[in-house]
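Mapped onto UniProt numbering, the consecutive letters of the sequence shown carry residue numbers 1 to 760.
C-beta: ideal position from N, C-alpha, C; glycine also.
All values derive from a computational prediction rather than experimental measurement.
Notes for the one structure printed next.
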Amino acid sequence: MSSNSADIASEQKYVSRLYDRLDEMREKAAGRLAVLLRQAGGTPQARSERESGVTLYTEQVTQFGAVENGLCFGRLDFHDDEPRYIGRIGLFDDSAEYRSLLVDWRAPAARPFYLATAASPDGVRRRRNIRTRLREVVGLHDEVLDIEAARDSAHEDLTGEAALLSALTASRTGRMRDIVATIQAEQDHVIRAPLDGVQVVQGGPGTGKTAVALHRAAYLLYTHRRELSTRAVLIVGPNQTFLKYISQVLPSLAETGVLLRTVGDLYPGVSARRTEPVEVAEIKGRTVMAEVLAAAVRDRQRVPDEPLPIKITGGETLMLEPETVRKARERIRRLGKQHNLSRQLFDTEIVHALTQQIADKIGHDPYAHDALGGDDATGDEQYMEEADLAEIRRELRKEPELLGTLDWLWPVLTPEQLVAGLFASPQRLATATPQLTDEERELLRREPRGGFTPADVPLLDEAAELLGEDEASAAAAAERLRRLEVAYAAGALEIALGSRSIDVEDEAEPELLAATDLIDPERLAERHEASERRTAAQRAAADRKWAFGHVIVDEAQELSPMTWRLLMRRCPSRSMTLVGDVAQTGDLSGTSSWAPVLEPYVGERWRLAELTVNYRTPAEIMAVAGEVLAEIDPTLEPPRSVRESGVQPWERTADLAELGEIVRAEAAAMGDGRLGVIVPIGLLFGAGRAVPEAVLGDDPDLESRVVLLTVKQAKGLEFDHVIVVEPDRIVAESRRGKSDLYVALTRATQRLGTVTLTAS
Numbered sequence: 001m002s003s004n005s006a007d008i009a010s011e012q013k014y015v016s017r018l019y020d021r022l023d024e025m026r027e028k029a030a031g032r033l034a035v036l037l038r039q040a041g042g043t044p045q046a047r048s049e050r051e052s053g054v055t056l057y058t059e060q061v062t063q064f065g066a067v068e069n070g071l072c073f074g075r076l077d078f079h080d081d082e083p084r085y086i087g088r089i090g091l092f093d094d095s096a097e098y099r100s101l102l103v104d105w106r107a108p109a110a111r112p113f114y115l116a117t118a119a120s121p122d123g124v125r126r127r128r129n130i131r132t133r134l135r136e137v138v139g140l141h142d143e144v145l146d147i148e149a150a151r152d153s154a155h156e157d158l159t160g161e162a163a164l165l166s167a168l169t170a171s172r173t174g175r176m177r178d179i180v181a182t183i184q185a186e187q188d189h190v191i192r193a194p195l196d197g198v199q200v201v202q203g204g205p206g207t208g209k210t211a212v213a214l215h216r217a218a219y220l221l222y223t224h225r226r227e228l229s230t231r232a233v234l235i236v237g238p239n240q241t242f243l244k245y246i247s248q249v250l251p252s253l254a255e256t257g258v259l260l261r262t263v264g265d266l267y268p269g270v271s272a273r274r275t276e277p278v279e280v281a282e283i284k285g286r287t288v289m290a291e292v293l294a295a296a297v298r299d300r301q302r303v304p305d306e307p308l309p310i311k312i313t314g315g316e317t318l319m320l321e322p323e324t325v326r327k328a329r330e331r332i333r334r335l336g337k338q339h340n341l342s343r344q345l346f347d348t349e350i351v352h353a354l355t356q357q358i359a360d361k362i363g364h365d366p367y368a369h370d371a372l373g374g375d376d377a378t379g380d381e382q383y384m385e386e387a388d389l390a391e392i393r394r395e396l397r398k399e400p401e402l403l404g405t406l407d408w409l410w411p412v413l414t415p416e417q418l419v420a421g422l423f424a425s426p427q428r429l430a431t432a433t434p435q436l437t438d439e440e441r442e443l444l445r446r447e448p449r450g451g452f453t454p455a456d457v458p459l460l461d462e463a464a465e466l467l468g469e470d471e472a473s474a475a476a477a478a479e480r481l482r483r484l485e486v487a488y489a490a491g492a493l494e495i496a497l498g499s500r501s502i503d504v505e506d507e508a509e510p511e512l513l514a515a516t517d518l519i520d521p522e523r524l525a526e527r528h529e530a531s532e533r534r535t536a537a538q539r540a541a542a543d544r545k546w547a548f549g550h551v552i553v554d555e556a557q558e559l560s561p562m563t564w565r566l567l568m569r570r571c572p573s574r575s576m577t578l579v580g581d582v583a584q585t586g587d588l589s590g591t592s593s594w595a596p597v598l599e600p601y602v603g604e605r606w607r608l609a610e611l612t613v614n615y616r617t618p619a620e621i622m623a624v625a626g627e628v629l630a631e632i633d634p635t636l637e638p639p640r641s642v643r644e645s646g647v648q649p650w651e652r653t654a655d656l657a658e659l660g661e662i663v664r665a666e667a668a669a670m671g672d673g674r675l676g677v678i679v680p681i682g683l684l685f686g687a688g689r690a691v692p693e694a695v696l697g698d699d700p701d702l703e704s705r706v707v708l709l710t711v712k713q714a715k716g717l718e719f720d721h722v723i724v725v726e727p728d729r730i731v732a733e734s735r736r737g738k739s740d741l742y743v744a745l746t747r748a749t750q751r752l753g754t755v756t757l758t759a760s
């Protein structure tokens, strides 16, 4: 780090200029936004343009505020060109023919900052990392790119080595930081990979997979702004704790058009938080569940065992024969339409059959027509014209008993009703799951109360595909909502008019305009609707059929086959980034190889990039974790650590009461960092009582100094110090327990300890 006061003063002068320019742009955007928000009325085109402007300037104000911290972090000095400053966004001098003041890190002109080395300098003479606190320059790291510098470096493949190691050894804060100032070459290649196709990023612990995925999202939004700003980017993470951990990264990179979700939140209107045994989740994740759900839908398309009597108005009773229902069902099924969309066709088949039954009876019974409301009882055979038959059909469609019968024979179902009803009924499970054993059916059996689990969400989505949505019903619901909004607007206008009548005598001031003179309820409701500003990501969150422009999945190796079906429906273009490590697969329905999960959807049209350098975990800790990796798969190579901490992992044996003392001692030795205590699932609350100062729960606060959590909760996270409690029990809790232990051992950036408990 340079402490040269002249250099720091020079850079401070330039950085201050950049912040002045940022303030100018922010004030201008805020001013334009304020003007637009004060405007009202106008033509539909004017209102649309105003809304677009409001959206644009709102995003700009948000963006300019988000890049306040660390606006400029780098400088490139060239042999034959002027210096080039690198930062979070691009800034230009509009008073000097838009000369570049700051280059966006995603622009091609910034790429030498991440790729230039002494062996291949790309014209760069010196790379400078600029470290700031608020708006003050507090330090500089310089790299002179020449062959001698390369020989002096301990890691010839690292760029910005001093700045990188400084960032790696800094204390954790409980929130992931961006790596925009220290992106390494192998990471940069993945970040800037093409948008099209499926990009798989395989990397061991500490290789920066998650950071690469997030920076790739920011890069794609920069280079494909028009396409992705309208279609949105979806990022899927393993749990809510993880999403909270990474939530500040993209805003710090000036990007907010991204939807962050867990699998349990991918079905609009359902927040799946119910827990269940891992064995049950594994069954639900199998591809056979698509067949099970299709069978469950067919099972709800009933044929009665006996004729069904249907009493209609006038006292007449019709008999609906099982064969009539069976033939109607078969004809409708052959059409291949979704279940709910077939209901109207099924109704038509049944109504036509009953109409013919009535027509036949009228034709041969001299009193039948009179009983149905007719006035002809001559006893002669009656011949019905089409208009008469149509009238009978219209009347039958109003019969309450017939409507109830049709609801039983072919019910309109929601996905929630289908899935919950399947698992609540032993009979329905037995009918729909001939492929499963009795033991597996019993595992699936549950009461509907208590909500849904994350493993249910792909099943709900599959059910929605099978059932379909009745567009007519959706349109009717939308129209009902519009009428309510119009009625509300009318009420608001009446209140305004009533208030005016109290204050003003109409006769005395006839020239005063009332609100109703300027706008009617329909226009007021329309204006309110038009003023609702939602981003593409917000609209996507509420629309199950939304097709995302790009999907990024972290810990992708954990996804079940049914979850892959859901995600592929969400991304018909198959533009995806999948990051993970098959050696860390913990879920029973996860994968140990990428090809089997991808080839059914994209064939061989996917590309693999491997990250091989471990930036997070010191070599001393990876030596311990590497022994576990060898037991998982001897052919797998652990990622190479870039640094040593000088501290060997420690082991202790203690009873549960002594665990609290060990944790407190480790926290005291840690300083201002974060300590993660990783325990077996069955020990979570017992350890919580022994370590009362630790936070725990479904969504623990990672900004606390001591966090107690399970391996599944710890996925993707990192702590300065980690204590793994009862490693053998972690292994024993799951058929993939070795992978779970590997994950637990590789969460630390500084120091690792393991505690084996004895009986107290």
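Assigned with DSSP and collapsed to three states, residue 754 falls in strand. For the 8 Å CB-CB criterion, residue 205 and residue 746 form a contact.
The beta carbon of residue 283 is closer than 8 Å to those of 289, 436, 440, 443, 444 in its chain, skipping five residues each way along the sequence. Contact between residue 725 and residue 659 is confirmed by a C-beta separation of about 7 Å, below the 8 Å threshold.
Residue 104 is positioned such that its CB atom lies no closer than 8 Å to that of residue 14. Taking 8 Å as the cut-off, the beta carbon of residue 125 is found closer than this to the beta carbon of residue 77.
In the DSSP annotation of this structure, residue 606 is not part of any alpha helix (DSSP H); the continuous beta strand (DSSP E) holding it starts and ends at 606–611. Annotation for residue 202: the continuous beta strand (DSSP E) segment containing it runs 198–203. In the DSSP secondary-structure assignment, residue 418 is not bridged to any residue.
DSSP places residue 62 inside the alpha helix (DSSP H), whose first and last residues are 44–66. Note that the C-beta distance between residue 419 and residue 456 is below 8 Å.
Residue 171 sits in coil when the DSSP states are folded into three classes, being neither helix nor strand. Within the stretch 608–646, the complete alpha helix (DSSP H) runs of at least 4 residues fall at 619–632. Assignment of residue 576 by DSSP, reduced to helix, strand and coil, places it in the strand class. The bridge partners DSSP lists for residue 657 come to none.
The Cβ atoms of residue 663 and residue 642 lie no closer than 8 Å to each other. Bounds of the beta strand (DSSP E) holding residue 258 are 258–262. Taking one beta carbon from each stretch, the stretch 167–186 and the stretch 248–255 have 3 or more pairs nearer than 8 Å; the two touch.
Distance check between residue 294 and each of 319, 468, 215 places 468 closest, using alpha-carbon atoms only. Residue pairing by DSSP places residue 721 opposite 675, 751 in a beta bridge.
When secondary structure is reduced to three states using DSSP, residue 224 falls in the coil class, being assigned neither helix nor strand.
With respect to the 8 Å criterion, residue 688 and residue 708 are classified as neighbours on the basis of their beta carbons. Using a 10 angstroms sphere on the CB of residue 247, the tally of other CB atoms stays under 16, which defines it as exposed. The stretch 691–710 makes no contact with the stretch 610–618, as fewer than three CB pairs between them are under 8 Å.
Contact annotation: residue 639 and residue 203 have beta-carbon atoms nearer than 8 Å. With 16 or more other Cβ atoms inside 10 Å of its own Cβ, residue 550 counts as buried. Bounds of the beta strand (DSSP E) holding residue 552 are 550–554.
With fewer than 16 other CB atoms across the displayed protein chains lying within 10 angstroms of its CB, residue 665 is exposed.
The closest CA to that of residue 302, considering only 220, 483, 604, 322, is found on 322. Below 8 Å, too few C-beta pairs join the stretch 80–93 and the stretch 55–62 to call them touching: fewer than three.
Only residues of its own chain outside the window of five on either side were considered, and among them 736, 739, 740 have a CB closer than 6 Å to the CB of residue 586, listed in chain order. Note that the stretch 37–51 does not touch the stretch 227–246; fewer than 3 beta-carbon pairs, one per stretch, sit closer than 8 Å. When DSSP reads this structure, residue 92 sits in a beta bridge with 100.
Cβ-Cβ distances below 8 Å link residue 122 to 112, 115, 116 in the same chain, with the five nearest sequence neighbours on each side left out; the list follows chain order.
Residue 129 has 74, 141 as its beta-bridge partners, per DSSP. Bounds of the beta strand (DSSP E) holding residue 707 are 706–709.
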